[in-house]
Ligand code: ASP
Ligand code: MG
């Protein structure tokens with residue numbers, strides 16, 4: 041007998057007809073001889089509606105009472121689905137999160153799962169029952185020792201399902217939803233976006249802004265950590281949907297630590313890098329494309345790419361290459377500057393240091409802690425580039441032993457979690473698998489910052505302390521005016537106003553610096569596991585944009601992701617352009 045965990049989302053259980061249809065799907069699977077645990081969401085929009093009810097009473101309802109209210113949504117569905125299964129003659133029983141023993145942190149509204157007791161479910165399964173569990177909720181012991189209901193955060197029933205699969209030792213978990221699976225991009229922008237058969241958990245996390253609406257990122261994180269095969273499929277059709285998989289060695293499940301409360305999982309060090317900067321480049325479409333196509337024609341594999349706009353009409357583009365590419369790259373830079381103008385500069389003996397972990401997502405305090413730790417070690421950070429699950433910076437090689445010591449201590453990383461010059465298996469993965477678009481961002485530049493340790497830390501810390509989420513951060517150096525640097529980042533639109541006071545006091549503290557708000561922008565990110573190994577992917581992405589005459593405001597990359605900030609008016613066009621350039625519809 042196979043144990044199957046099946047999760048049905050809100051729209052799949054939106055009305056009684058749908059609930060009956062789901063009961064039939066479950067009945068068939070049970071008939072086929074499987075053991076089944078079903079996890080369900082609240083019907084249709086009921087969580088939204090419950091939230092509205094609360095709002096109509098209070099702008100700031102008590103968090104405990106809100107969890108009490110919101111958790112009722114799922115309780116309705118488990119009872120109705122179980123009744124329906126019974127009508128079809130299937131023995132079934134419903135359980136709330138606390139009845140199961142889904143133990144969470146005691147943070148109302150966004151609790152992480154610590155433990156799941158399996159005895160009660162296992163007992164019912166042994167007796168031949170289908171067990172129907174309420175998603176999105178758990179229980180915690182209050183400081184007085186009494187049981188309290190918690191919720192996991194919006195979209196959290198995916199996380200309940202994968203956590204149950206982990207605790208019960210199931211191999212797979214199936215998430216049924218109203219879309220066919222994970223698509224190459226948002227079908228509202230590209231109508232012929234294609235269904236992906238397979239995607240890695242890492243790629244899925246990097247695609248957060250398209251992916252998150254399909255699957256709760258914490259569910260992806262659990263699947264990745266414990267090696268659960270996660271299927272996302274439609275509850276309406278019989279298609280196979282998308283399989284999410286991970287290559288990392290699965291962790292052993294530790295008591296009390298199901299959802300890792302750790303934010304950083306690994307530290308990577310890439311030694312012997314050369315940083316090249318080309319400065320004073322014209323700011324118009326096609327420049328980045330020309331540079332990276334030229335480098336790719338010379339067969340140079342570029343790692344990090346950072347571009348920031350300066351003084352309105354000129355760009356600096358900085359990139360790193362392996363030390364052994366030095367002579368070749370110098371030749372190409374000569375060629376590039378002879379055609380485009382500008383000047384190039386390089387610095388050898390640099391090292392890239394990156395922290396990685398799904399927990400970095402949406403937690404500004406992690407990058408702040410990272411930079412703060414480096415500044416405590418008195419290390420000057422030369423370049424910074426971030427993605428959803430990774431923060432990278434480039435340092436002088438001399439600082440590396442100290443950096444490793446400080447950072448691994450700060451994030452409590454064991455030797456096994458530190459990777460020095462990792463060699464990745466070169467697999468035949470697509471260089472671009474999907475494209476995400478994030479329109480909820482504004483661009484803010486800190487100009488003319490002093491070039492000394494602790495500057496990035498002080499900015500990130502100030503924002504993180506007020507819980508203002510910043511996203512893509514880029515730090516580049518200026519070669520024209522000596523000894524200053526610019527830090528440019530994007531932040532959530534709704535947070536920009538709230539940051540005013542913080543920015544004011546920061547510019548006062550960081551002498552000579554000033555803030556510049558950018559034009560309306562959006563972030564377009566191409567993600568693909570093959571990108572790290574193939575020469576020239578970035579050049580193609582920039583070419584796709586240049587062909588449509590789209591100017592790139594800012595570039596930040598990680599191994600498997602290239603993000604371009606473009607003007608908001610160009611963003612749909614940009615997604616379409618990259619999608620068709622890489623023929624993702626095929
Ligand atoms: N019902 C909850 C929500 O709407 C949890 C879920 O559906 O995953 O956010
Ligand atoms: Mg959902």
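In my numbering, the protein residues as written are 41 to 626.
No residue lacks a Cβ here, since even glycine has one placed at the ideal position from N, Cα and C.
The structure displayed is predicted, hence computed values, not measured ones.
Over the uninterrupted beta strand (DSSP E) stretch that includes residue 214, give me the two end residues.
First-last of the beta strand (DSSP E) with residue 214: 212 to 217.
Starting from residue 531, follow the alpha helix (DSSP H) in both directions and report where the run begins and ends.
Where residue 531 is concerned, there is no enclosing alpha helix (DSSP H), although the beta strand (DSSP E) it sits in stretches over 524 to 532.
Which one or two residues does DSSP pair with residue 273 in a beta bridge?
216
Starting from residue 254 and walking both ways along the beta strand (DSSP E), at which residues does that stretch end?
Counting along the chain, residue 254 falls outside any beta strand (DSSP E), and DSSP gives it neither H nor E.
Could you spell out where the beta strand (DSSP E) holding residue 312 opens and where it closes?
306 to 322
For residue 435 versus residue 420, is the C-beta distance shorter than 9 Å?
yes
Have a look at 512, 79, 541 and flag the residue whose alpha-carbon is nearest the alpha-carbon of residue 601.
If we check each option's Cα against that of residue 601, 512 comes out closest.
Note down the Cα distance separating residue 257 from residue 196, rounded to an integer number of angstroms.
9 Å
Would you kindly check if the distance between the Cβ of residue 376 and the Cβ of residue 330 is under 9 Å?
yes
Would DSSP call residue 469 helix, strand or coil?
coil
The beta strand (DSSP E) spanning residue 623 covers which residue range?
From DSSP, residue 623 is part of no beta strand (DSSP E); its letter is neither H nor E.
Over what stretch of residues does the alpha helix (DSSP H) that includes residue 406 continue unbroken?
Unbroken alpha helix (DSSP H) run through residue 406: 404 to 416.
In terms of DSSP beta bridges, what is residue 427 paired with?
BP columns for residue 427 point to 430.
Out of 591, 380, 332, point me to the one whose CA is closest to residue 606's CA.
Per the C-alpha coordinates, the member of 591, 380, 332 positioned closest to residue 606 is 591.
Considering just the uninterrupted stretch of the beta strand (DSSP E) at residue 396, what are its terminal residues?
383 to 396
Taking 8 Å as the line, does the beta carbon of residue 417 fall inside it for any heavy atom of the ligand ASP?
no
Is residue 86 a contact residue of the ligand ASP, with contact defined as CB to any heavy atom under 8 Å?
At least one heavy atom of the ligand ASP is nearer than 8 Å to the Cβ of residue 86, so yes.
Kindly indicate which residue of 340, 385, 625, 325 has the alpha-carbon position closest to the one of residue 319.
385
Looking at C-beta atoms only, is the number of pairs between the stretch 264 to 283 and the stretch 219 to 231 that lie closer than 8 Å three or more?
Flag = yes, the stretch 264 to 283 and the stretch 219 to 231 touch.
Looking only at C-alpha atoms, which of 537, 471, 132, 444 sits nearest to residue 458?
444
Name, in chain order, the residues that DSSP records as bridge partners for residue 436.
390
So, helix, strand or coil for residue 233, using DSSP?
coil
Which partner residues does residue 186 have in the DSSP bridge list?
In DSSP, residue 186 forms no bridge with anything.
Which same chain residues end up closer than 6 Å to residue 103 when comparing Cβ atoms and leaving out the 5 residues on each side of it in sequence?
148, 149
Residue 340 and residue 357: beta carbons closer than 9 Å?
no
Taking 8 Å as the cut-off, does the CB of residue 148 come closer than this to any heavy atom belonging to the ligand ASP?
No, the ligand ASP has no heavy atom inside 8 Å of this Cβ.
Compute every distance between the C-beta of residue 276 and the non-hydrogen atoms of the ligand ASP, then say whether any falls below 8 Å.
No, since every heavy atom of the ligand ASP falls outside the 8 Å radius drawn around the Cβ of residue 276.
Closer than 8 Å by C-beta to residue 306: which residues in its own chain qualify, once you throw out the five before and the five after it? Chain order, please.
395, 396, 397, 453, 457, 458, 459
Between 469, 433, 546, 467, which has its C-alpha nearest residue 486's C-alpha?
546
Do we get a CB-CB distance below 9 Å when we pair residue 265 with the residues of chain C?
Checking the listed chains, one finds no chain C in this structure; it contains a single protein chain.
Could you check what DSSP says for residue 543 in three-state terms: helix, strand or coil?
helix
Just to confirm, is the Cβ distance from residue 483 to residue 594 under 9 Å?
yes
Among the residues of its own chain, which have a CB less than 8 Å from the CB of residue 182, if the five just before and after it don't count?
146, 188
Among 616, 132, 176, whose alpha-carbon lies nearest the alpha-carbon of residue 161?
Checked all of 616, 132, 176; the closest Cα to residue 161 is 132.
Closest to residue 253 by C-alpha separation, out of 226, 243, 232, would be which residue?
Comparing C-alpha distances from residue 253 to each of 226, 243, 232 shows the shortest one belongs to 226.
Only counting runs of 4 or more residues, tell me where the alpha helix (DSSP H) segments fall wholly within the stretch 91 to 168, in order along the chain.
103 to 127, 137 to 140, 159 to 166
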